[in-house]
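Have a look at the structure below, then the notes.
Numbering (our numbering), first residue to last: 16 to 267.
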């Protein structure tokens, strides 16, 4: 990702940073045994163990929009953000039941121009993406649906026309599907620059998140903690603790 240019280009005065609870980043949730060269697949049983741990720690997983709204009210204590990138169909089949069992919800970031298609941006294996009806089913189950662009392109360095199409166009598609506002955006591969963040703001989004486990950004560059397929409860605790230390050090 390109963090060049000041944070002010992404949102708020230079140096303005959010002190929000951690946001966990998942992708595919599936028991499949097919190769996973991109390390995007977490087994449903492992997700169950992660959520069980969060409950033991007194934490509840919520969509990013809900987390930020609670932060704005000064009521984000006890919450953690749960996000799932790319919009794979296995979210409905495997993630939603596990989340429901623990009384938690999350955000599914959908590639709006690939509804009903597959992850053509990866070399393989091919994974099915949600279609319009499944997008509505995700929202009906109480989860947030956010945009992950139209075609999963890298936005850093993109020309203005591409930014407008991928950022604003994807929001229009999803709002038409849902007949509701779509407040959240996620940069594919976490790849963004000041122009991309400005395009997200101009398109009317309320917030956006990146990919990375680093010092907290502003409302349009909210960092997330990547969850690896092999992450144990101990790994998750370490990620949460590291985030807490960084937030305390941010001083905003």
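Where is the CB? At the ideal position from N, CA and C, for every residue including glycine.
Bear in mind that the values here come from a model prediction, so they are computed numbers and not experimental data.
Apply the 10 Å Cβ neighbour rule to residue i and answer buried if 16 or more other Cβ atoms are within range, or exposed otherwise.
i           : result
residue 262 : buried
residue 90  : exposed
residue 144 : buried
residue 22  : Low per-residue confidence applies at residue 22: pLDDT is 32, beneath 50, and the placement is therefore not dependable, though the value from the model is reported in the following sentence. With 16 or more Cβ atoms within 10 Å of its Cβ, residue 22 is classed as buried.
residue 81  : buried
residue 260 : exposed
residue 236 : buried
residue 139 : exposed
residue 175 : exposed
residue 88  : exposed
Below 8 Å between beta carbons: does that hold for residue i and residue j?
i           : j           : result
residue 251 : residue 202 : no
residue 39  : residue 111 : no
residue 178 : residue 160 : no
residue 122 : residue 98  : yes
residue 66  : residue 76  : yes
residue 86  : residue 35  : yes
residue 218 : residue 257 : no
residue 162 : residue 192 : no
Quick one: what does DSSP say residue i is sitting in, helix, strand or coil?
i           : result
residue 76  : strand
residue 43  : strand
residue 170 : coil
residue 26  : Because the pLDDT at residue 26 is just 40, under 50, the model does not fix this residue reliably, and the value given afterwards should be weighed accordingly. Three-state result, residue 26: coil.
residue 212 : helix
residue 101 : strand
residue 191 : helix
residue 180 : helix
residue 118 : coil
residue 217 : helix
residue 144 : strand
residue 276 : Since the first residue shown for the chain is 16 and the last is 267, residue 276 is missing from the structure and cannot be characterised.
residue 132 : coil
residue 21  : Note that residue 21 scores a pLDDT of 30, beneath 50, so its modelled location is shaky; the value from the coordinates is reported in the next line. Residue state, collapsed to three classes: coil.
residue 245 : coil
residue 196 : coil
residue 109 : helix
residue 57  : strand
residue 258 : helix
residue 163 : coil
residue 222 : strand
Can you tell me which of the options puts its alpha carbon nearest to the alpha carbon of residue i?
i           : options            : result
residue 204 : 148, 223, 195      : 223
residue 157 : 78, 194, 199, 187  : 78
residue 126 : 214, 194, 164      : 164
residue 182 : 193, 168, 192      : 168
residue 45  : 103, 213, 236, 122 : 103
residue 210 : 246, 173, 232      : 173
residue 48  : 244, 248, 117, 32  : 244
residue 118 : 248, 84, 73, 150   : 73
residue 124 : 50, 208, 107       : 107
residue 60  : 83, 69, 113        : 113
residue 83  : 148, 220, 242      : 220
residue 249 : 33, 69, 216, 151   : 69
Going along the chain, which residues of its own chain have a beta-carbon closer than 7 Å to the beta-carbon of residue i, five neighbours each way excluded?
i           : result
residue 131 : 144, 146
residue 53  : 137
residue 105 : 43, 44, 45
residue 214 : 178, 179, 182
residue 247 : none
Excluding the 5 residues flanking residue i on each side, which residues of the same chain have their C-beta closer than 6 Å to its C-beta?
i           : result
residue 58  : 46
residue 254 : 240
residue 92  : none
residue 227 : 205, 238
residue 42  : 55, 100, 101
residue 31  : 233
residue 184 : 165
residue 134 : 142
residue 37  : 95, 240, 255, 258
The ligand GTP and residue i: does the residue's C-beta get closer than 7 Å to at least one heavy atom of that ligand?
i           : result
residue 237 : This structure does not include the ligand GTP; it has no bound ligands of any sort.
Which same chain residues end up closer than 8 Å to residue i when comparing Cβ atoms and leaving out the 5 residues on each side of it in sequence?
i           : result
residue 195 : 154
residue 115 : 156
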